[in-house]
Amino acid sequence: MKVHKAVLLLSLFLFADFPRAQTESTDVLEAYIKTDGAWIVKLPKVQYTVKTVEECASKCDKETSFTCRSFLYHEKDQDCVTLPANSKTDQILRRMSAVLYEKKEYLLECMHGIGMEYRGTKSKTKSGKTCQRWEGTFPHLPNISPKTHPKADLEFNFCRNPDGDKGGPWCYTTDPQKRWENCDIQDCTEECIQCSGETYRGKISTTVSGFTCQHWDLQKPHNHGYIPSALPDKYLEENYCRNPDGEPRPWCFTTSPTKRWESCSIPRCATEPPTIVPEIACTIGEGSSYRGTIAVTVSGKTCQDWASQSPQKHSRTPDNYPCKGLDGNYCRNPDSERSPWCYTTDPETRWEYCSVPTCGDQPRPEEPVIPEGEGCYEGDGTSYRGAMSETISGKKCQFWTSMEPHRHSKTPQTFPKADLRRNLCRNPDGDRAPWCYTTDPTVRWEYCNIERCETKPSEAAASPSLTPPTSLEIDCKIGSGASYRGPISTTVMGVTCQAWSSMIPHQHSSFTPETHPDKGLESNQCRNPDSDVNGPWCYTTDRSKKWDYCHIPDCDDLKCGQPSTKPKRCFGRIVGGCISKPHSWPWQISLRTRGKIHFCGGTLIDAQWVLTAAHCLERSDSPYAYKIFLGVHTELASESSKQERDVSKIIKGPAGTDIALLKLDRPAIITDEVLPACLPEKDYIVPSNTECYVTGWGETQGTGGKGVLKETGFPVIENKICNRPSFLNGRVKEHEMCAGNIEGGNDSCQGDSGGPLVCYAQNTFVLQGVTSWGLGCANAMKPGVYTRVSKFVSWIERSMKEN
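In mature numbering (1 follows the signal peptide of the UniProt record, and there is no 0), the protein residues as written are -23 to -1, 1 to 780.
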């Protein structure tokens, strides 16, 4: 049984090189992982007043009251809180301006050597026995305890190696017949994967055939949509093998021009994969943890066994996806679809969703999600039901039903009346504005990029004793407002700002005219000296509120891609129906015959130029065969805002491409109803799963809205996925892109050809695609295909300049 070892072993332990404090490091923060907007409420805790985050880290490293696993830091408050907890042991809450720093060693779930430094949270032995708490005395009276080994981190019941056992970390067990046993902890140097390698973070960078992996942030030799900055939760580092899209194993694009991508040869770990709490009778969110026995689809078809390849051939097998519960033929969701599904035994129907009840009051996943999409919020935004899913700094919102990358409690079940659908910005907890968790692992949450419907007076509560504003000062902000030097000096709540040089009522030393002489801190106006992504702020004259943000409007010049009437941005469907707000897509044009009959769409990209699909011009090469209507919402085109133009020149794209430029006989008049869309950066690849929008007057197949402009939003599908045999089977070329929902139901259709596919980023709609072709309309597994505009930017610019 476990007893105290010899004095030599004890000495070895006491002088072991633990990487805990790292106070001698030139950068003390290297030992920590930073998460913005995260907060832990935990006792005990110790609070300090410090001037820098490095000082706070040093306080944590030197903490004697408890083992410090993390600390919280407020730069504006100069507040430092050291904690014995971290995100693996306690619930993480959200709090404005709080920054959580967690020691990496306490987040690591692998060991070096014999694991004397292991500080993970495994609490079961090799045979599956639960560990006894180290301070416990039942069922076993321990020889080794937190009192005998105070530096060994013997808290809770986590596996540890306080005595240098050659078998690695161990624990006393809760089994009266088994006093202690070693734990099965993976070696940090071992390269292996759990499940299908979704969480693999190793450094293997060669494929099964020996190809070297292409760096994820490069677009040569292969263009792709897996962009690290847009998919921070996928950890697309260097050229390491990763699994960002649900393949059976990690993979990478290769540096060989002849091999676009290939899987990597990484063995599965010997240790057991992480367990989930199964949902037996109902689903939560998208139902990825559903483990019930329903095996029939919504239309009554019997499910095919997951291990079978007949009648449907597929890769969703128990071997390829060992952690997804693919037992028998039960409905499951192994690939993050919107709800459990299965392949069917009907040769004519490859797969269908299953009718699995949802838990509690959550809306059913299969309900169409078509929010009204208003472009502003009233009050604190608790009633906001719009379609925004982007934060104020441009980050993509995390789905409310997802726990990756941030675990949280704001789910549709806990807030059934908050309309927590998809990843749409909402305010379920009465915050001051709509917000969301972000897909960036380092930023837990942010407010969303939505303005208040009402405009606050900018000077109503300005202090009369301070510098008055002048008419020469710009009263709007660009981006986060770091350069803002306007006169506003009240917070969002209408409280007058404290002068930056004053220490009354709030003491502070981080931001003063002396510490930041170039930040405009001469008076009490709102400023952004620390480049806060939420915008300008100030210390307040309210003794109970040290600081708060200010409401500074964005500088709102008339620009491409920024319509005066904000679109619904609905997630409905053109085939399936969502009628647009009139003139909310002002770059949409109607391409017509000389007889003024609509037959194709197009996009205004300049006052005198329209982009459309080349196949729309097959009826005639003569520009005089066509007319263009701008500024119309109905197909009848009876609006007073209509502008009618002839075509003076046709320029078709390179051979084998479906793109064309039309020169108008005279420039369009730019108005609120007629505005160009922005062109993308040259060769830019839209990241996978980016939400984009198509518009048109095309065929609706009896779903309503015929004769008026319709819209739909759906995600971009990476060409690698779109070219799978079960989808479009290699038909999609590099200068094309796919967009749509895998289950079908929404798509562009006949009459929409040539029209725009625009994607929203940083307050602007950018033209990324020209509606080109598809296999049917809104069919499952057959997303629409669009000409990738970024591949033709040079051709477009050259053609417009020369003609």
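Virtual Cβ for every residue (Gly too), placed ideally from N, Cα, C.
Practice problem: Quick one: measure Cβ to Cβ for residue 502 and residue 465, integer angstroms, because I've assumed they're closer than 8 angstroms. | Solution: 6 angstroms
Quiz item: In chain order, what residues of the same chain lie with their CB nearer than 8 angstroms to the CB of residue 486, ignoring the 5 residues before and after it?
Solution: 28, 55 and 492
Practice problem: Determine, using beta-carbon pairs with one atom in the stretch 384 to 404 and one in the stretch 327 to 334, whether at least three such pairs fall under 8 angstroms. | Solution: no
Quiz item: Helix, strand or coil for residue 781 per DSSP?
Solution: Here the chain covers residues -23 to 780 and nothing more, so residue 781 does not appear.
Exercise. Can you check DSSP and say which residues form a bridge with residue 51?
Key: 56
Quiz item: Do the stretch 372 to 383 and the stretch 413 to 427 touch if we need at least three Cβ pairs shorter than 8 angstroms?
Solution: yes
Self-check item: Whole-angstrom distance between residue 22 and residue 31, CA atom to CA atom
Solution: 18 angstroms
Exercise. Run the CB neighbour count on residue 68, radius 10 Å, all protein chains shown included, and call it buried at 16 or more, exposed below.
Key: exposed
Self-check item: Range of the contiguous beta strand (DSSP E) that encloses residue 216
Solution: Counting along the chain, residue 216 falls outside any beta strand (DSSP E), and DSSP gives it neither H nor E.
Quiz prompt | Spatial distance of residue 695 from residue 203 (CA atoms) | solution = 8 angstroms
Self-check item: Residue interval of the beta strand (DSSP E) (run including residue 671)
Solution: 668 to 673
Quiz item: Mapping DSSP to helix, strand and coil, what is residue 772?
Solution: helix
Practice problem: Figure out for me which residue from 112, 246 and 198 has the closest Cα to the Cα of residue 166. | Solution: 246
Quiz prompt | Reference residue 50; option with closest CA among 38, 15 and 62 | solution = 15
Quiz prompt | 3-residue-minimum beta strand (DSSP E) runs that sit fully inside the stretch 371 to 445, ordered along the chain | solution = 412 to 414 and 422 to 424
Quiz prompt | First through last residue of the beta strand (DSSP E) which encompasses residue 229 | solution = 228 to 230
Quiz item: Sorted by chain position, which residues of the same chain lie with C-beta nearer than 6 angstroms to residue 777's C-beta, five sequence neighbours on each side aside?
Solution: 586
Self-check item: Rounded C-alpha distance that separates residue 81 from residue 53
Solution: 25 angstroms
Quiz item: By Cβ distance, which residues of its chain are closer than 6 angstroms to residue 272, with the 5 residues on each side in sequence left out?
Solution: 280, 306 and 307
Exercise. Can you grab the Cα-Cα spacing for the pair residue -10 / residue 48, in whole Å?
Key: Here the model assigns residue -10 a pLDDT of 33, short of 50, so the residue's position is not dependable, and the following value carries that caveat. Those two C-alpha atoms are separated by around 25 angstroms.
Quiz prompt | Cross-strand partners of residue 583 (DSSP beta bridge) | solution = 586
Quiz item: Do residue 508 and residue 593 have their C-beta atoms within less than 7 angstroms of each other?
Solution: no
Quiz item: Should residue 19 and residue 60 be called a contact, given that it needs their Cβ atoms to be closer than 7 angstroms?
Solution: yes
Quiz item: Under three-state DSSP, which class holds residue 692?
Solution: strand
Exercise. Please state if the CB of residue 645 and the CB of residue 607 are separated by a distance shorter than 7 angstroms.
Key: yes
Quiz item: For residue 650, does the count of other Cβ atoms within 10 angstroms reach 16, so buried, or fall short, so exposed?
Solution: buried
Quiz item: Taking just the CA atoms, how far does residue 462 sit from residue 572?
Solution: 55 angstroms
Quiz item: If you count every other CB in all the chains shown that lies within 10 Å of the CB of residue 107, and 16 or more means buried, which is it?
Solution: exposed
Quiz item: When the Cα atoms are used, what is the spatial distance from residue 131 to residue 152?
Solution: 19 angstroms
Quiz item: Looking at residue 336 and residue 261, is the spacing between their C-beta atoms short of 7 angstroms?
Solution: yes
Quiz item: Which residues bound the beta strand (DSSP E) around residue 15?
Solution: 9 to 16
Quiz item: Is it right to say residue 358 is buried, meaning 16 or more other beta carbons lie within 10 angstroms of its own, or is it exposed?
Solution: buried
Quiz item: In whole angstroms, what separates the C-alpha of residue 287 from that of residue 321?
Solution: 9 angstroms
Quiz item: Using a C-beta cutoff of 7 angstroms, does residue 116 count as contacting chain C?
Solution: Although the question refers to chain C, the structure presented lacks it and comprises just one protein chain.
Exercise. Buried or exposed for residue 480, please, with buried defined as at least 16 other CB atoms from any protein chain shown within 10 angstroms of its CB.
Key: exposed
Quiz item: In or out: residue 484 buried (at least 16 other Cβ within 10 Å) or exposed?
Solution: exposed
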